[in-house]
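Here the structure is laid out as structure tokens; the discussion comes afterwards.
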Amino acid sequence: MVFEYAPAPESRAIVDIKPSYGLFVNGEFVDAHGPSFKSISPSTEEVLAEVAEADEADVDLAVKAARRAHSRVWGQMPGRERAKYLFRIARIIQERGRELAVLESIDNGKPIKETRDVDVPIAAAHFFYYAGWADKLEYSGHGTGSIGVAGQVIPWNFPLLMLSWKIAPALACGNTVVLKPAETTPLTALLFAEICQQADLPPGVVNIVTGAGETGRAVVSHPDVDKVAFTGSTEVGKAIARAVAGSDKRVTLELGGKAANIVFDDAPLDQAVEGIVNGIFFNQGHVCCAGSRLLVQESVADEVLARLRRRMRTLRVGDPLDKNTDVGAINSAEQLAKIRALSEIGEQEGAERWSAPCELPDHGFWFPPTIFTGVTQAHRIAREEIFGPVLSVLTFRTPSEAIEKANNTPYGLSAGVWTEKGSRILKMANALRAGVVWANTFNKFDPSSPFGGYKESGYGREGGRHGLEAYLR
Amino acid sequence: MSRLDVRKTYKLFIGGAFPRSESGHSYVVDDVRGRFVANAALASRKDARDAVAAARKAFPGWSGRTAYNRGQVVYRIAEVMEDRRPQFVQAVRQGEGGTAATAEKELDAAIDRLVWYAGWADKIAQVVGNANPVAGPFFNLSTPEPTGVVAVVAPAESSLLGLVSVVAPVIVTGNTVVVAASAQRPLPAVTFAEVLATSDVPGGVVNILTGALDRTIPTLASHMDVNAIDLTGLAGDPEQGRALEVAAAENLKRVRRAPSAEPDWDADPGLDRMTDFLETKTVWHPIGV
Amino acid sequence: MVTSTATAAASSGHDWGDVAASDASLRRFLHGLPGVDQVGAEARAAGLGTRSIKTTAKAFALDLAIRMVDLTTLEGQDTPGKVRALCAKAIRPDPSDPTCPSTAAVCVYSDLVATAKEALGSSGVHVASVATAFPSGRAALDVKLADTRDAVAAGADEVDMVIDRGAFLAGRYLEVFEEIEAVRAASGPAHLKVILETGELQTYDNVRRASWLAMMAGANFIKTSTGKVQPAATLPVTLVMLEAVRDYREQTGRMIGVKPAGGIRTSKDAIKYLVMVNEVAGPDWLDPDWFRFGASTLLNDLLMQRTKMQTGRYSGPDYFTLD
Numbered sequence: 001m002v003f004e005y006a007p008a009p010e011s012r013a014i015v016d017i018k019p020s021y022g023l024f025v026n027g028e029f030v031d032a033h034g035p036s037f038k039s040i041s042p043s044t045e046e047v048l049a050e051v052a053e054a055d056e057a058d059v060d061l062a063v064k065a066a067r068r069a070h071s072r073v074w075g076q077m078p079g080r081e082r083a084k085y086l087f088r089i090a091r092i093i094q095e096r097g098r099e100l101a102v103l104e105s106i107d108n109g110k111p112i113k114e115t116r117d118v119d120v121p122i123a124a125a126h127f128f129y130y131a132g133w134a135d136k137l138e139y140s141g142h143g144t145g146s147i148g149v150a151g152q153v154i155p156w157n158f159p160l161l162m163l164s165w166k167i168a169p170a171l172a173c174g175n176t177v178v179l180k181p182a183e184t185t186p187l188t189a190l191l192f193a194e195i196c197q198q199a200d201l202p203p204g205v206v207n208i209v210t211g212a213g214e215t216g217r218a219v220v221s222h223p224d225v226d227k228v229a230f231t232g233s234t235e236v237g238k239a240i241a242r243a244v245a246g247s248d249k250r251v252t253l254e255l256g257g258k259a260a261n262i263v264f265d266d267a268p269l270d271q272a273v274e275g276i277v278n279g280i281f282f283n284q285g286h287v288c289c290a291g292s293r294l295l296v297q298e299s300v301a302d303e304v305l306a307r308l309r310r311r312m313r314t315l316r317v318g319d320p321l322d323k324n325t326d327v328g329a330i331n332s333a334e335q336l337a338k339i340r341a342l343s344e345i346g347e348q349e350g351a352e353r354w355s356a357p358c359e360l361p362d363h364g365f366w367f368p369p370t371i372f373t374g375v376t377q378a379h380r381i382a383r384e385e386i387f388g389p390v391l392s393v394l395t396f397r398t399p400s401e402a403i404e405k406a407n408n409t410p411y412g413l414s415a416g417v418w419t420e421k422g423s424r425i426l427k428m429a430n431a432l433r434a435g436v437v438w439a440n441t442f443n444k445f446d447p448s449s450p451f452g453g454y455k456e457s458g459y460g461r462e463g464g465r466h467g468l469e470a471y472l473r
Numbered sequence: 001m002s003r004l005d006v007r008k009t010y011k012l013f014i015g016g017a018f019p020r021s022e023s024g025h026s027y028v029v030d031d032v033r034g035r036f037v038a039n040a041a042l043a044s045r046k047d048a049r050d051a052v053a054a055a056r057k058a059f060p061g062w063s064g065r066t067a068y069n070r071g072q073v074v075y076r077i078a079e080v081m082e083d084r085r086p087q088f089v090q091a092v093r094q095g096e097g098g099t100a101a102t103a104e105k106e107l108d109a110a111i112d113r114l115v116w117y118a119g120w121a122d123k124i125a126q127v128v129g130n131a132n133p134v135a136g137p138f139f140n141l142s143t144p145e146p147t148g149v150v151a152v153v154a155p156a157e158s159s160l161l162g163l164v165s166v167v168a169p170v171i172v173t174g175n176t177v178v179v180a181a182s183a184q185r186p187l188p189a190v191t192f193a194e195v196l197a198t199s200d201v202p203g204g205v206v207n208i209l210t211g212a213l214d215r216t217i218p219t220l221a222s223h224m225d226v227n228a229i230d231l232t233g234l235a236g237d238p239e240q241g242r243a244l245e246v247a248a249a250e251n252l253k254r255v256r257r258a259p260s261a262e263p264d265w266d267a268d269p270g271l272d273r274m275t276d277f278l279e280t281k282t283v284w285h286p287i288g289v
Numbered sequence: 001m002v003t004s005t006a007t008a009a010a011s012s013g014h015d016w017g018d019v020a021a022s023d024a025s026l027r028r029f030l031h032g033l034p035g036v037d038q039v040g041a042e043a044r045a046a047g048l049g050t051r052s053i054k055t056t057a058k059a060f061a062l063d064l065a066i067r068m069v070d071l072t073t074l075e076g077q078d079t080p081g082k083v084r085a086l087c088a089k090a091i092r093p094d095p096s097d098p099t100c101p102s103t104a105a106v107c108v109y110s111d112l113v114a115t116a117k118e119a120l121g122s123s124g125v126h127v128a129s130v131a132t133a134f135p136s137g138r139a140a141l142d143v144k145l146a147d148t149r150d151a152v153a154a155g156a157d158e159v160d161m162v163i164d165r166g167a168f169l170a171g172r173y174l175e176v177f178e179e180i181e182a183v184r185a186a187s188g189p190a191h192l193k194v195i196l197e198t199g200e201l202q203t204y205d206n207v208r209r210a211s212w213l214a215m216m217a218g219a220n221f222i223k224t225s226t227g228k229v230q231p232a233a234t235l236p237v238t239l240v241m242l243e244a245v246r247d248y249r250e251q252t253g254r255m256i257g258v259k260p261a262g263g264i265r266t267s268k269d270a271i272k273y274l275v276m277v278n279e280v281a282g283p284d285w286l287d288p289d290w291f292r293f294g295a296s297t298l299l300n301d302l303l304m305q306r307t308k309m310q311t312g313r314y315s316g317p318d319y320f321t322l323d
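Protein chains in written order, with the working numbering: chain A, 1 to 473; chain B, 1 to 289; chain C, 1 to 323.
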């Protein structure tokens, strides 16, 4: 019996994408000095909108607006009043949730199921969480004074969610922000700018400057930016760390990862397989904390892999707006090329490649859910962040071997452990050098839970009480 | 004829041993009035590298000890220092000048600071950790963990109180440390090393390099197996601080920048010398039957 | 004990060696099955529940669900009249629409099997009978076996037995195993559905173990609940049981059916179950031979949705028979 799911597309009618967008500076949309660039839909390659590219002068105007808003309005405002603005924003995100979810799915290529059930609700929750802190900072343990103007640069993998991780704590602590969304996914940030207008947020408190790497450089190196927050690649993170050296700028960096997801022979196997799938195929593997290295105990390796392959056959790859899609489009041609290149290297290095059988659409950027078996620590696909739906499978024999291999990386963002034995979980959790350890679960996020890495995965924490530290003095 | 005294050789402290610099070089340390006091070991790049290796080797054991035990070990340093008061007083006076009374006062403060930090060992996690009420059936706990191997540029001026104030907070939480001691005033650091060697601090937890900073700290700042660097000792030298911060970016070391002037070491230290070298680890686990 | 192993092999068609030789060996085997993490299992079930089944897929699912219904009445107040009415409904759920399929079976107490058999005649709709001191199962083994033989003698095509949850929870696995075997033998040609009463087993680990115990002892179907204990069927419980039959086939080559029963009242719920069958056990189980819904009110909702699909209008309860 074949149970074919009919297409179940979410309607696009709810979103109103304008032909072109300016920058959001001082509460208004303004033209940029520079040229514009196109934001396209990664699933169809259709041009969605022309977006302004901010140059140094544009960024300077945005920083000036933020500075004015900080010194005249936002930095002076009692916390309880700031809180109400943030609560208001949280509510508007909820009210316009479906619109944001559809827009995010179109612009990013990720499935509507994810934007609807993960990105948008957690984004709203972040504003709700930090709203409550705004008038309680004296209990935070991190001081009560704002820092000033925060320059924030966010990636394309969770555009709205990363925006909320950055803006909510900054505003709660009395800072104003200049935020640059990624060049491939600017649209939800621009819709967020409208939300700021609807919330009557004072002009200049939030400024959105669109553009690519040069715009980002202008934001983080602007002399009047007091605090830099960046989420993105380790390479750019290092460049930022160099750029701010010797200045008074405070910096938090949330960078790459190559997380080990460790499955012991006594694991709850069905849930472990779900965790492996969720760990690497959630959001097309465009997740800095993705469980991209599966470390499976040799005694159950065959069984786990058989279960994993069977499960992967049920993954539905395709139209991001279809409510039954599990894996959407790769965000850009550039990223797709990178995933392909590293996958080819994996094959050349002798690892065995297997992809779930699936029909990929003709247009757009697509890569099937893929695993490599027979991978060793020496393989590049076991060391470099692929940032795509590609899992490297390694095996281990003993807990100490698992710990050694898991920690044998310059990264240290996250790790997973699957075992039914409580004391082993705690031992592993202690031994893993990673900022987030998911035991018998994976890729869980919550505004109250600090997130951030060890070693080259960056520094500082976002989320929770810890997330206030970066924005207070 | 008066008795000729036996002079002490001032050596490096690496991995619990007291080697001379592998380079064979030493340098003259004068007292505050310019009189010869000793030939101290002039640490080289290789010494810095050896010190990092020793610190790395010591890290798992030291960070794996119970906080209670680390607290006792740090407290024990204070006890042994108390036992060697005259030696410290002399070393401080040689380097910093001043009266016996001011040196005694600095020593008191240094010992008291160790005691203060010793007590933090098993409390810091309670103060900076968190149980997080996530919206779902999950246990979620954030706890601080030591960053790893920390390079510390010790204060140039306050050669004992300053030194203790930058080393104690780093190690009490479980980090291991490579200290570049004050180049002009290294003797209290060497004496401190002798205290460490005769207390309960495992070899490699604290490693002390003496000599010109430009021979060692660029190596430490760029070393890929150093996790963090404290530039306090470069107070008032923003250019060198910037260069080291650039070097430190190569593996994203946590950097504690140099202040514009050397801090007032008598002030309440606060928590940040500990928290700057801590990572927050958050562990999730489902709650079910 | 030796005979027990031998019959286990005979009834389940797979040589389990010494697994069923003693409580201890059964315990070793059952407790050696991978654990089930409650939160993860529930999250997976909820995730499958978000599938959006529309248009042609929905029409397919509704008809399939109707064909999978074991239309059930298990009340003290049941009478031959009530059962005959139910049988008429099972054969022709929507009298106004000849394209509407029949349900899989009618499920009654054993004393009403003969009535049901007569009413269903050659319609192809099976008679399922609960037996073994349903719903509590608290009676002597010979009483349970007599109950089973009566039902089969009266014409039951399928026997729905309950396991001894007391024995299971007390760790007397062999006793449960042997009782299932005995009922299996007493059922003769009838299909045996083994009710685990998952609401009393409480944990998913227990559900998985009881599923394997029943399958090894010769069950043709494993069934969640009697409908008399809350909670009855749930998506995550059914998920764990679908995983069990999937793994069991992998290991033995033998296919076992699954029947969630109790609490499934809406088409929307039923479709969630079918999605789960499709994606967890696999499409082979999308057949009334391998998956059933133990339900009564569900059928009318399926019919209303079916009419809505055909007419584009929402229907109302007045337009469907109440039996």
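Backbone N, C-alpha and C fix where the C-beta goes; we use that ideal spot for every residue, glycine too.
CA-to-CA distance, residue j to residue i, given in whole angstroms
i, j, result
"proline 80(C)", "isoleucine 163(C)", "28 Å"
"arginine 93(B)", "threonine 282(B)", "47 Å"
"alanine 133(C)", "proline 268(A)", "35 Å"
"alanine 6(A)", "valine 327(A)", "17 Å"
"glycine 15(B)", "glycine 24(B)", "18 Å"
"alanine 337(A)", "alanine 182(A)", "18 Å"
"tryptophan 284(B)", "valine 437(A)", "6 Å"
Same chain, Cβ closer than 7 Å to residue i, five either side skipped, listed in chain order
i, result
"serine 11(A)", "none"
"glycine 458(A)", "Gly237, Leu253, Glu254, Leu255, Gly452"
"leucine 33(C)", "Arg208, Arg209, Trp212"
"alanine 232(C)", "Gly199, Thr224, Ser225, Ala261, Gly262, Gly263"
Contact set for residue i: own chain, Cβ-Cβ below 6 Å, skip 5 residues either direction
i, result
"valine 309(C)", "Before going further, note that residue 309(C) is methionine rather than valine in the sequence given. Only Ala59 meet the Cβ criterion."
"threonine 3(C)", "Low confidence applies to threonine 3(C): its pLDDT is 39, below 50, so where it sits in the model is not reliable enough to give any reading."
"glycine 109(A)", "Pro42, Ser43, Pro320, Gly328, Ala329, Asn331"
"alanine 6(C)", "With a pLDDT of only 41 at alanine 6(C), under the threshold of 50, the placement of this residue in the model should not be trusted; the figure read from the coordinates follows. No residues qualify anywhere along the chain."
"alanine 10(C)", "Low local confidence applies: a pLDDT of 48 at alanine 10(C) is under 50, so the model's placement there is unreliable, and no value is given."
Spatial neighbours of residue i in its chain, beta-carbon cut-off 8 Å, leaving aside the 5 residues before and after
i, result
"serine 25(C)", "Asp18, Val19"
"glutamate 99(A)", "Ile14, Val15, Leu191"
"leucine 103(A)", "Val15, Ile17, Leu187, Thr188, Leu191"
"alanine 114(C)", "Ala154, Gly155"
For residue i, the residue or residues it bridges with in DSSP
i, result
"serine 20(A)", "Glu50(A)"
"valine 177(B)", "Val150(B), Val206(B)"
"aspartate 230(B)", "Val152(B), Arg256(B)"
Members of the stretch 83 to 106 of chain C near chain A, C-beta cut-off 9 Å: none
Sequence ranges, alpha helix (DSSP H) only - wholly within the stretch 353 to 432 of chain A, length at least 4: 380 to 383, 399 to 407, 422 to 431
Sequence ranges, beta strand (DSSP E) only - wholly within the stretch 195 to 257 of chain C, length at least 3: Within the stretch 195 to 257 of chain C, the complete beta strand (DSSP E) runs of at least 3 residues fall at 221 to 223.
Contact list for the stretch 284 to 313 of chain C against chain B, Cβ threshold 7 Å: none
Interfacial residues, the stretch 40 to 68 of chain C to chain A, with Cβ spacing under 8 Å: Gly40, Ala41, Ala43, Arg44, Thr50, Arg51, Ser52, Ile53, Lys54, Thr55, Thr56, Ala57, Lys58, Phe60, Ala61, Leu64
The stretch 115 to 137 of chain B: positions lying closer than 9 Å to chain C by Cβ: Gly136, Pro137
Interface positions of the stretch 111 to 143 of chain A facing chain C (Cβ-Cβ less than 8 Å), listed along the chain: Lys113, Asp117
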